[in-house]
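J.: Handing you this structure, nothing more for now.
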Amino acid sequence: MFQTSVLASGSKGNSVLVRSRDSAILVDAGISMKRVFHALEQLKVPLKILKGIIISHEHSDHTKGAGAISRRLKIPIYVSPDTYAFCAHKLGDLKDRLAYFETGTPFEVGNILVNPFSSSHDAIDSSNFVFEYDEKKLGVAIDLGYPSGLTVHKLSGAHTLILESNHDHEMLMDGPYDWALKMRVKSNKGHLSNEQAVGLISQILHPGLKTIVLAHLSEINNHPELAFQLMQNYLHSVRSDIRLMVASQDCHTPLIDI
Ligand SMILES: [Zn+2]
Ligand SMILES: [Zn+2]
């Protein structure tokens, strides 16, 4: 068994569950402990198999609930030293449950292999991840400015992909953000647009890719239907039957077999 669920995703908070039969990991916990526990209960994932929380970068939409969950379940928080320096105050007292990882160096949590790699996003040491177990590979890339060669290389061969599809380019440019913020979002250190998400998929499409979950959609500069339709049109154009889903800010996806 190797499964994932996006517990929540969007600018107000992100958290992704990755689980084998007896180990589970949270990738970020940018929603409250209460919401995480509620989602896990509904998914029938026992809290006792949760082995740690991995933090991708210091922004609050990825860290908000992490300290409280770590303290309640007495589980470690895995974070890079630079990221920790920027969010220690948000995580609170972790006692001896702080575990450092180095971006670019794989490590194990329970029996799941975690491979963190650099993402271009405006944080001190932002990571995207590949998880491997039982010869299956999951890619989680929900905050990235643009799909670098490294991103394409690392996500290649994934069987399931949780991928940022943050904004529709036109909605962003016509929308209410001020000019500086528009430029930040669309820069190489901002967020991936719907069009860029399609471009990335076109580079890594392979017969083993079964499921794509579009994530981190902007509430203001995107619509779930727009993001879904653009990717679905592309997948149809290449006669792909990949299952396509859109993660939501307010409710979790079902458990997805990776
Ligand atoms: Zn961020
Ligand atoms: Zn984010």
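Numbering-wise, this note's numbering puts 634 at position 3 of the sequence shown, and it's gapless, one number per residue. Cβ atoms here follow ideal geometry from the backbone N, Cα and C, with glycine treated the same way.
1) Mind listing which residues have their beta carbon within less than 5 Å of any non-hydrogen atom of ligand 2? Chain order is fine.
2) Going residue by residue through the region 759-835, where are the continuous beta strand (DSSP E) segments of at least 3 residues, counting only ones entirely within it?
3) Starting from K682 and walking both ways along the beta strand (DSSP E), at which residues does that stretch end?
4) Quick one: what's got a C-beta closer than 7 Å to T884's C-beta in the same chain, skipping five residues either side?
5) Suppose you measure from the CA of P677 to the CA of R650; what does that come to, to the nearest Å?
6) Quick one, are the C-beta atoms of M895 and V829 less than 9 Å apart?
7) L674 and L657 - do their beta-carbons sit closer together than 9 Å?
8) What does the Cβ neighbour count give for G839, buried or exposed, with the cut at 16 atoms within 10 Å?
9) Would the beta-carbon of A697 be found less than 8 Å away from any heavy atom of ligand 1?
10) Candidates I743, R652, H688: which alpha carbon is nearest C718's?
11) Report whether the distance from the Cβ of D805 to the nearest heavy atom of ligand 1 is below 8 Å.
12) Please classify E733: does DSSP put it in a helix, a strand, or coil?
13) Let me check understanding here. Comparing Cα to Cα, which of M804, R728, Y777, P807 lies closest to I832?
14) Does any heavy atom of ligand 1 sit closer than 8 Å to the C-beta of D753?
15) Have a look at K679, D809, V761, K726 and flag the residue whose alpha-carbon is nearest the alpha-carbon of T736.
16) Can you name, in chain order, every residue of its own chain whose Cβ lies under 6 Å from the Cβ of S640, other than the five neighbours on each side?
17) Please report the Cβ distance between I708 and I680, rounded to the nearest whole angstrom; I am assuming they are in contact, meaning their Cβ atoms lie under 8 Å.
18) Suppose only complete runs of 4+ residues qualify. What are the alpha helix (DSSP H) ranges in the region 676-729, listed by chain order?
19) Near S751, which residues of its chain fall below 7 Å by C-beta distance, leaving aside the five closest residues on each side in sequence?
20) Where does E850 sit, in a helix, a strand or coil, going by DSSP?
21) Is S663 near K705, with beta carbons less than 9 Å apart?
22) If you reduce the DSSP assignment to three classes, tell me which class N864 lands in.
23) Is I700 buried or exposed, if buried means 16 or more other CB atoms sit within 10 Å of its CB?
24) How many angstroms separate the CA atom of G873 from the CA atom of A789?
25) Going by DSSP, what residues sit across from T884 in a beta bridge?
26) In terms of DSSP beta bridges, what is A660 paired with?
T.: Looking at the atomic coordinates:
1) D692, D774
2) 767-772, 791-795
3) 681-685
4) S636, V637, V844, M876, A878
5) 11 Å
6) A question about residue 895 goes unanswered here, because the residues of the chain that appear run from 632 up to 889.
7) no
8) exposed
9) no
10) H688
11) no
12) coil
13) Y777
14) yes
15) V761
16) A846, H847, A878
17) About 17 Å; that fails the 8 Å criterion.
18) 691-694, 697-704, 712-722
19) L775, G776, Y777, S779, N819, K820
20) coil
21) no
22) helix
23) buried
24) Residue 873 is actually Ile in this sequence, not Gly. Near 12 Å, if we compare the C-alpha coordinates of A789 and I873.
25) According to DSSP, which records beta bridges pairwise, T884 is partnered with nothing at all.
26) Paired residues: none, contrary to the question.
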